[in-house]
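S.K.: Going by the working numbering, the sequence shown opens with residue 1, and the numbers climb by one from there.
One structure is given below, represented as structure tokens, and several questions about it will come after.
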Amino acid sequence: MSVLAFTRRNADQINATLPVAGATGSIGFFFLMLYHLYVEQRGTFFAVILIAAAIFLVELLYFERRLIEEEIPYITPGVEKSAD
């Protein structure tokens, strides 16, 4: 949410300091937590990495790309030029 607020700071007149601090703090905490797990609890660290990799792999394999591609109407080259 902080990154979204930062990218829309000009459109919505949002002060950019707070969203940047929130995004930086979140990213910093994420890496600090992974470092702590690696140093203090290696078994948990490897379990987290293994579970995250398994979820990512399942998402890649499960994604029904062929069905989605069949449902998307194809754009011919002439359509893009006529829209301008």
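We treat Cβ as the ideally placed atom computed from N, Cα and C, and that holds for glycine.
What distance in whole Å lies between the Cβ atoms of Thr44 and Leu37, which are believed to be in contact at a cut-off of 8 angstroms?
M.R.: At roughly 5 angstroms, the Cβ-Cβ gap stays under 8 angstroms, so Leu37 and Thr44 are in contact.
S.K.: Considering only residues of the region 34–66, which uninterrupted beta strand (DSSP E) runs meet the minimum length of 3 residues and lie entirely inside it, listed in chain order?
M.R.: The region 34–66 contains no whole beta strand (DSSP E) run of 3 or more residues.
S.K.: Using the three-state DSSP reduction, which class does Ala23 fall into: helix, strand or coil?
M.R.: Residue state, collapsed to three classes: helix.
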